[in-house]
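Numbering (the numbering used here), first residue to last: 12 to 528.
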């Protein structure tokens, strides 16, 4: 029997698992082949959490199985196959030699490094590579670049409003925003007070069947030394599971999401959060469907406007904005270090073994679930690294490694730019720095901690508070031109020389204790 000819090899990456991709618009099932590969380097170029590896691989295998059921030819290389190459680029070159396609096609990758690998492999093979737009998103990188042109500063709010108007989201007939305001963030800073959150809705559970179970066993065996646990692996790995996760969120947690989206509570990793970022970033969910269901929840009276607008802003606003920033500034963005931070990342980020209760909570749940919500990332783990003065590239690599929803286009601007201010103000108009009193106000973490958030010096001084004043004093020259920092810097100036010296001494002790042996 004659071997089937391959006209085009259609490259599907691990975060491109949407059946409505542009890659399949003119796909010929008789002579085109889907190519997918579980390249080991994708799990090791950063020391990746077991749950993140397991989620990507299991979702890929489910996607492969469904495409085969639908009649597509799929050339799929599993990590446990004999003689699998280390990188995606090497595997693609091997597939070209094996299948001899006339051309290659792909949707634009979500990471600069991977895009370069694919283009280099195509160039080495002497084959044309068609790069298609990723229409999963509302805006293209080119549209964002046009928005950015001529602006001295980029800000989410302006781009978000443009997209709301363009796509008619939470908009009235006169094109005014629903409720009269574009942004209800000021209404979304509630805390649980001393009584706590009470009984919380449980997230849905998903059976680890078929490919998922196979992958969990593979990861436990092959990546035994990697951080994190698979004991509580419970992430959607198929579009059907992701859809159920969305429906459960809309029904049970969206109504209270807005009020408590910034709140923190001991041993409560999920609270009212959506837990949908991994499904969106792997493209198991279409963001338009998510936004439409959320808006309908408001229109039907099921959820209040502050919750719905706040949730939609994360998807229609923030995801689109950070992706635009990423592609506008790469590849040099990853090396930015505006505050010249050089301290190594403390070892406890990989173990959770610290007597700072807030960090132990945020990192502990990260290792257990591969998840922490945005305030834990920005104002606990990110805040401590910023004020300690950790090398922002190390912080970036940690975030990329440990969260199941981490794809570089969304992770890098959030960690290096938003959390670490390493881009000098591209992502955020000022550094997000605060004393331990912020964490005390938003959580019950401080009640279970040996440190006092009101104190900057002494044995029981909260390291967050010590490092806050030290951070401002160390970076005063860099930050003095920033009007939004004027009040904080003025407060530093009010401290006398002896107090600042004591703070500096205590900050140096903290850094010394956290330096590598």
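Yeah, the Cβ is synthetic: ideal placement off N, Cα and C, and Gly gets one too.
Item, Value
"Check whether residue 335 and residue 272 have beta carbons under 8 Å apart", "no"
"Limits of the unbroken beta strand (DSSP E) element including residue 333", "Counting along the chain, residue 333 falls outside any beta strand (DSSP E), though it belongs to the alpha helix (DSSP H) covering 331-340."
"Residue 286 versus 216, 495, 168, 348, residue with shortest Cα-Cα distance", "216"
"Cβ distance (whole Å) where residue 69 is taken to contact residue 248 below 8 Å", "4 Å"
"Residue-level contact to chain C via CB, residue 157, 8 Å cutoff", "Absent here is chain C; the protein component of the structure consists of one chain."
"Distance, residue 112 Cα to residue 16 Cα", "8 Å"
"Exposed unless 16 or more other CB atoms sit within 10 angstroms - verdict on residue 314", "buried"
"CB of residue 261 within 8 Å of CB of residue 308, strictly", "yes"
"Residue 527 burial status per 10 Å Cβ neighbour count (16 or more: buried)", "exposed"
"Sequence-distant residues of its chain with Cβ nearer than 7 Å to residue 302 (five each side left out)", "180, 323, 326, 327"
"Span of the alpha helix (DSSP H) around residue 171", "167-178"
"Beta strand (DSSP E) segment containing residue 291, residue limits", "Not the beta strand (DSSP E): residue 291 falls in the alpha helix (DSSP H), residues 288-292."
"Buried/exposed call for residue 13, threshold 16 Cβ in 10 Å", "Because residue 13 sits at a pLDDT of 43, beneath the cut-off of 50, its placement in the model cannot be relied upon, and the following sentence gives the value as read from the coordinates. So residue 13 counts as exposed."
"Contact set for residue 195: own chain, Cβ-Cβ below 8 Å, skip 5 residues either direction", "269, 316, 317, 320, 321"
"Cα-Cα separation, residue 136 to residue 152", "28 Å"
"Span of the beta strand (DSSP E), counted from its first residue to its last, around residue 141", "140-143"
"Secondary structure of residue 108, DSSP reduced to three states", "helix"
"Euclidean distance between Cα positions of residue 139 and residue 34", "15 Å"
"Identified DSSP bridge partners for residue 182", "188"
"Residue 177, buried or exposed, once every other Cβ within 10 Å from all chains shown has been counted against 16", "exposed"
"C-alpha gap between residue 487 and residue 517, whole angstroms", "19 Å"
"Neighbour-count burial assignment, residue 428, 16 or more Cβ in a 10 Å radius", "buried"
"Residue range of the unbroken alpha helix (DSSP H) whose run includes residue 267", "265-271"
"Residue of 454, 496, 400, 498 minimising C-alpha distance to residue 525", "400"
"Residue of 103, 377, 18 minimising C-alpha distance to residue 46", "103"
"Any 3 or more C-beta pairs closer than 8 Å across the segment 230-249 and the segment 70-80", "yes"
"At least three beta-carbon pairs within less than 8 Å, the segment 504-523 to the segment 412-428", "no"
"Residue 456 versus residue 200: straight-line alpha-carbon distance, rounded", "17 Å"
"Helix, strand or coil at residue 275 according to DSSP, with G and I counted as helix", "coil"
"Residues sharing a beta bridge with residue 368, DSSP", "In the DSSP output, where bridge partners are listed per residue, residue 368 has none listed."
"Bridge-paired residues (DSSP) for residue 114", "19"
"Residue range of the unbroken alpha helix (DSSP H) whose run includes residue 78", "61-80"
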